Amino acid sequence: MSTLHVICHSPFGDNRLSSCLRLLGSADGLLLCGDAVYALQPGSEPLRTLQASQLDGRLFALDEDLQARAITISDLGKAIDYPAFVELSLHYDKVNSWL
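Numbering follows the working numbering, in which position 77 of the sequence shown is assigned residue number 112; successive positions increment by one, without gaps.
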């Protein structure tokens with residue numbers, strides 16, 4: 036069963052991202068939104084962790100949140116809008132929000 040994991044909290048404030056990455060299955064996706072997009076800051080430890088996680092084609096970030104924080108996702112993942120988020124959530128068997 037595939038899961039889309041949604042993280043909205045900064046990776047610098049707690050360990051939600053690292054916990055999520057430990058549990059991420061090979062068919063699971065990861066969506067960063069809100070302050071979680073700070074994980075994509077160049078040179079940061081969270082970015083190195085994401086790069087090492089081999090999330091090819093399974094890492095997404097809300098474009099609105101990237102723009103608001105002047106962060107780019109580069110080729111590591113894909114920026115999506117809200118309609119694409121809805122479509123993405125239908126692609127996976129379930130959605131898990133890391134509150």
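By construction, the Cβ of each residue, glycine as well, lies at the ideal position given by its N, Cα and C atoms. All values derive from a computational prediction rather than experimental measurement.
(request) Would you decide whether G64 is buried or exposed? Buried here means 16 or more other CB atoms lie within 10 Å of its CB. (result) The residue you call residue 64 lines up with position 29 of the sequence shown. Counting of Cβ neighbours within 10 angstroms places G64 among the buried residues, the total reaching 16 or more.
(request) Along the alpha helix (DSSP H) that carries S132, what are the first and last residues, could you check? (result) Here residue 132 is taken as the residue at index 97 of the sequence shown, counted from 1. Premise fails: S132 lies in the beta strand (DSSP E), K129 to W133, not in any alpha helix (DSSP H).
(request) Taking all protein chains shown into account, decide if L75 is buried (16 or more other Cβ within 10 angstroms of its Cβ) or exposed. (result) For this step, residue 75 is matched to residue 40 along the sequence shown. By the Cβ neighbour-count rule, L75 is buried, with 16 or more other Cβ atoms within 10 Å of its own.
(message) Going by DSSP, what residue range makes up the alpha helix (DSSP H) through T107?
(response) If you number the sequence shown from 1, residue 107 lands on position 72. That residue, T107, is in no alpha helix (DSSP H); it is neither H nor E in DSSP.
(request) Go ahead and pull the three-state DSSP assignment for H40. (result) The residue given as residue 40 occupies position 5 in the sequence shown. Secondary structure at H40: strand, using DSSP grouped into helix, strand and coil.
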